[in-house]
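Undergrad: One point on numbering: in our numbering, the residue at position 74 of the sequence shown is 170, and numbering is uninterrupted. C-beta atoms are modelled at their ideal positions from N, C-alpha and C, and glycine is treated no differently.
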Amino acid sequence: MSDPPTKPYLIRAIYEWCADSGLTPYLAVRVDKRTMVPMAFVKEGEIVLNLSTEAVHNLQLGNEEITCDGRFGGVPHGVIVPVSAVIGIFAKENGQGLAFQGHEPEPVPPGSSGGDKPPDEPARTKPQLKIVK
Numbered sequence: 097m098s099d100p101p102t103k104p105y106l107i108r109a110i111y112e113w114c115a116d117s118g119l120t121p122y123l124a125v126r127v128d129k130r131t132m133v134p135m136a137f138v139k140e141g142e143i144v145l146n147l148s149t150e151a152v153h154n155l156q157l158g159n160e161e162i163t164c165d166g167r168f169g170g171v172p173h174g175v176i177v178p179v180s181a182v183i184g185i186f187a188k189e190n191g192q193g194l195a196f197q198g199h200e201p202e203p204v205p206p207g208s209s210g211g212d213k214p215p216d217e218p219a220r221t222k223p224q225l226k227i228v229k
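1. So which of Glu189, Ile183, Ala187, Gln197 has the shortest CA-CA distance to Arg126?
2. Would you check if the distance between the CB atom of Thr120 and the CB atom of Ser148 is smaller than 8 angstroms?
3. What does the Cβ neighbour count give for Phe137, buried or exposed, with the cut at 16 atoms within 10 Å?
4. To the nearest angstrom, how far is it from the Cα of Asp165 to the Cα of Ala124?
5. Val204 to Gly170, Cα distance in whole Å?
6. If you draw a straight line from the alpha carbon of Leu157 to that of Phe196, how long is it in whole angstroms?
7. Look at Pro104 and Val179 and say whether their C-beta atoms are less than 8 angstroms apart.
8. Answer with buried or exposed for Gly141, where buried requires no fewer than 16 other C-beta atoms within 10 angstroms of its C-beta.
9. For His153, tell me which candidate among Ser117, Pro172, Val133, Gly118 has the shortest Cα-Cα distance.
10. Alpha carbons only, please: which of Ile185, Glu189, Asn190, Asp128 is nearest the one belonging to Ile107?
11. Closest by CA to Ile162, which one among Phe168, Leu145, Glu150?
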């Protein structure tokens, strides 16, 4: 049995640190085919989500997915973010947090041989966090 990945635990730790410090936790996400967010708010393939208790409801920081309900432009939406799509979590007020390097491959479903060659992907640039005001 392999060890569980550290990424979901680090995301939860920074989220808790923000909450305990009275800071606003923001989640930077690289949108992929498994990410469910309002596409009108995606810029250059990425979205930054405010995860504060005032902004979202029913937040679940799971090991595989982050889910919540939020409002975008006043319209309610369900949000599903695979942990593999998270590129960083940080405090809005001071920018402190964590950025995750590289892109994690999607897990191979059980029963799949995983032998299929993945399609060619465009070259990825290094993730960059921006302060959103």
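TA: Put simply:
1. Each of Glu189, Ile183, Ala187, Gln197 was checked against the Cα of Arg126, and the nearest Cα belongs to Ile183.
2. Yes, they are a contact pair.
3. Result: exposed.
4. 17 angstroms
5. Caution is warranted here: a pLDDT of 42 is assigned to Val204, below 50, making its placement in the model unreliable, and no coordinate value can be reported.
6. 16 angstroms
7. A contact, by the Cβ cut-off of 8 angstroms.
8. exposed
9. Pro172
10. Ile185
11. Leu145
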